[in-house]
């Protein structure tokens, strides 16, 4: 015991000696650091101070060319060009007001330029250069170059600007880029992409410009340059070239797009055309539209107010974010549900008196035709859009079966199109109503769901996709705007293959009934007979109207006395050629009243051009192919 | 009532150590804000790292030294197994194989070794009852070399050096004969050419450039040259917070991680640097006091090694940034951005606190 204790004290004694050595070791090495600091920061301060001020070597990022966006025939929808900009680095300027005043003697600086400069300056660090003027012409650039010595901290830079040569055409599909803001910075930092944006000012903000940002941007290069005392580059020491962004090739055809947009005239609304076999989006219209070129340079307050506060809502991407009741265009899908669920065996027919009532209720669910249609079977119910037939069918199906069946056609879920911001629409169920309103589901709500009224809401894209799935016999292919991605340097193309999302097994005889009903819609006696007249190919279609305001039980809907914006929305879905469909369309014309008369003709113009290459009788926009061609892109096969 | 609850909650937290750590972490957040180009996102992410690290420190402080001693061997064994796993199945990132994918999460087993190595050696020498023989030191050396060899192979020179240091400190404090230490220094000097030939090309280049940074001012020497310019131009009192031109103008590479000290030195100058060294010295001093008062061989060896390893971190990083040591990937402790090193550091401080606060009252 005693020896152990002694041993313990002995050990502790030696340990403390070692610890003392360690402490001396720490103090010595920290002293070495302190001496080093003294050497660098006190005795050689002047030397390093000079070095820092004239830091001889600087790393300059080289921003890559952003990828081009082309239509399926190689027509340029978005490209870049160089412009001279006059830029100020706030940290290097002592008297900003005086500098800008002196600059405006040399080159024109408008009040708009000043406002924009102020806005950008607040958003950036004082060491970053901020443009005071863009798009300098050569005379202005030369004038400034001669006087450059008078303006320390002011520089001429050559920057790439994005330009959309076709302006408003397809703006909601192509999208636009804008200056990188704080939100963009945070998401870039999170994704780890921030270092690639050194020197970049712009980022995709909407449409495919946003969705394919990582492809379009490219990889930033770097140049190591020697700098003189004034901060001007004297000599390039080494450089890593940037890799330009990939080009995107869309499935849309700009000529078809122009025809479709023109066909809307002054109406508001949306159109989506899809190739049901491939999912290619052939046309994507949101009317009214806007000029994306306004956003590239930072939109000014006046134009922003004009666009943002307009009651026509030109900035809303209607195909993706506009929600409308599907109205009668919902009926073919309800019909198929009834056939597939065995609720309506083919010879079944009703005697339509013009209204439907629930048992033990006096409430009349009216047909659009006063007095009714007489004897109506399934096929005819679609052709003449008989409401009474579908009221009863929906009731017998029940809301759960109805919604779970039509969900296969893409209703109530996102289509997965390559543009961000899509909304889901709404397929109502009793559970949904309980969650949303804390109320139970009433049978009457099932009845009106049968004709696409009530809570059901769809986007034009969903309606087009549902039509495409129907045309394709139940196979859902993800809609795609971009079909090919092309490497800018090698020209090598990566083709994005169609993605099958869902496949609902349908009885061929049932599909045949619904399809025939839809073909008859465009034949004499159908609700859109005029649309099919002299077409030269067969069209399967369905018209629809959706109420904007409710009509009371004993009130009459009178178009002539109503506010234009309270008129019904006109809907139209179609696919053609009916035997072997290559195009499926959904159209919504806001306050367009009747699907057959306002929306139908638009569809006809689009299909005539797509299927027959026929131009509409009225001249449309000038041929875009003449104004812009691109040599990188070979001819794309039209299928 | 509440004060008693708080008292129990912080029973195992050493207030002096905690205060100095806390102050250093706050300084670090300010430097990080400047170094990241005034990014709140970066500062927030670091705050999360700190919160996680401090919670784990609290856990470590509540584990008694006896429990740690029992855990030493299993933890070390696990660490070695994982390192072998990395060598065989590890994921390659940035040309180095350091990560192991366990299905649920990826881990860097060399980080476990930072704590397991000193624990293992302290456990080993504690079993020798304070009178280790030369043979024991040879076995200790072997325990040290196996994991270090595996880590060097990854390759991760910085971590290998720090883990060797942490093991060497235990061996030194356990009473390794001075003659052997001298012999080892001479022997290592003689082995330098062999060591040199084992290094990877980029590691060799770093050392060559340290000797003469101007031979490659744009490539590997760029880091050092720019960092030294940043420090030197800071002068006596610095350019002021957020005013460092080298840092704000992107001249400095990796300025939120390994080179953050250059930002600090540029903005706070000689005075700031000395104060930071002072702050680090206070932490080290407290650690040495804890080691000298520790009651078991295991506890005192471990406390001594943890403290001296912390010092080594700081010295190697600052030495590297100020151009007197080669560029090895070692962050500045408590200041550099990053979660992994923050966590392993705080756990080791938790162990120090545990050693200090689990003492039994005994007459001496």
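Residue numbers (the working numbering), protein chains in the order written: chain R, 0 to 638; chain E, 162 to 525. Even glycine gets a Cβ: it sits at the ideal position worked out from N, Cα and C.
Would you say residue i and residue j are within 8 angstroms of each other, going by their C-beta atoms?
i	j	result
residue 482 of chain E	residue 388 of chain E	yes
residue 459 of chain E	residue 284 of chain E	yes
residue 270 of chain R	residue 284 of chain R	yes
residue 89 of chain R	residue 197 of chain R	no
residue 81 of chain R	residue 159 of chain R	yes
residue 196 of chain E	residue 424 of chain E	yes
residue 320 of chain R	residue 417 of chain R	no
residue 463 of chain R	residue 334 of chain R	no
residue 278 of chain R	residue 476 of chain R	yes
residue 271 of chain E	residue 331 of chain E	no
residue 207 of chain E	residue 182 of chain E	no
residue 466 of chain R	residue 574 of chain R	yes
residue 582 of chain R	residue 457 of chain R	no
residue 63 of chain R	residue 174 of chain R	no
residue 406 of chain E	residue 51 of chain R	yes
residue 463 of chain E	residue 279 of chain E	yes
residue 266 of chain R	residue 589 of chain R	yes
Mind checking residue i: buried by the 16 CB within 10 Å criterion, or exposed?
i	result
residue 608 of chain R	buried
residue 617 of chain R	In this prediction, residue 617 of chain R has a pLDDT of 48, which is less than 50 and means its spatial position is unreliable; what the coordinates show is noted afterwards. Classification for residue 617 of chain R: exposed.
residue 299 of chain E	exposed
residue 400 of chain E	buried
residue 579 of chain R	exposed
residue 162 of chain E	exposed
residue 506 of chain R	exposed
residue 324 of chain R	buried
residue 295 of chain R	buried
residue 434 of chain E	buried
residue 611 of chain R	exposed
Quick check on DSSP: helix, strand or coil for residue i?
i	result
residue 184 of chain R	helix
residue 491 of chain R	coil
residue 43 of chain R	coil
residue 617 of chain R	Residue confidence for residue 617 of chain R is low, a pLDDT of 48 falling below 50, so the modelled location carries little weight and cannot support an answer.
residue 518 of chain E	helix
residue 288 of chain E	helix
residue 416 of chain E	coil
residue 210 of chain E	helix
residue 464 of chain R	helix
residue 78 of chain R	strand
residue 586 of chain R	strand
residue 325 of chain E	helix
residue 342 of chain R	coil
residue 275 of chain E	helix
residue 71 of chain R	coil
residue 200 of chain R	coil
residue 370 of chain R	coil
Taking residue i as the query, report the chain R residues whose CB atoms sit under 8 angstroms from its CB, ordered along the chain.
i	result
residue 497 of chain E	Within 8 angstroms Cβ-Cβ: nothing; residue 497 of chain E doesn't reach chain R, min ~17 angstroms.
residue 389 of chain E	39 and 47
residue 195 of chain E	Residues of chain R passing the Cβ test: none, with the nearest at roughly 11 angstroms.
residue 483 of chain E	32, 35, 36 and 39
Going along chain E, which residues have a C-beta under 7 angstroms from residue i?
i	result
residue 158 of chain R	Near residue 158 of chain R there are no residues of chain E at all, since even the closest Cβ is about 19 angstroms away, more than 7 angstroms.
residue 28 of chain R	476
residue 25 of chain R	445 and 472
Counting only Cβ pairs nearer than 7 angstroms, list the residues of chain R close to residue i.
i	result
residue 202 of chain E	185 and 188
residue 461 of chain E	14
residue 452 of chain E	18
Identify the contact partners of residue i in chain R, using a Cβ-Cβ distance below 9 angstroms as the criterion.
i	result
residue 434 of chain E	32, 33, 36 and 40
residue 526 of chain E	One cannot answer for residue 526 of chain E here, as it falls past the ends of chain E, which runs 162 to 525.
Cβ closer than 8 angstroms: which chain E residues qualify as neighbours of residue i?
i	result
residue 234 of chain R	Near residue 234 of chain R there are no residues of chain E at all, since even the closest Cβ is about 12 angstroms away, more than 8 angstroms.
residue 50 of chain R	390, 393 and 394
Interface residues of chain C around residue i at Cβ under 7 angstroms?
i	result
residue 480 of chain E	Within the model displayed, chain C is absent; protein chains R and E are what it includes.
Notebook entry, point to check: Residue ranges of each beta strand (DSSP E) run of no fewer than 3 residues wholly in the region 372-456 of chain R, ordered along the chain?
Noted result: 373-376
Next item on the list: Would you list, in sequence order, the uninterrupted beta strand (DSSP E) runs of no fewer than 3 residues that lie entirely inside the region 255-307 of chain R?
Entry: 268-273 and 280-286
Next item on the list: Pick out the complete beta strand (DSSP E) segments inside the region 492-518 of chain R, 3 residues or longer, and give them in chain order.
Entry: 492-494 and 499-502
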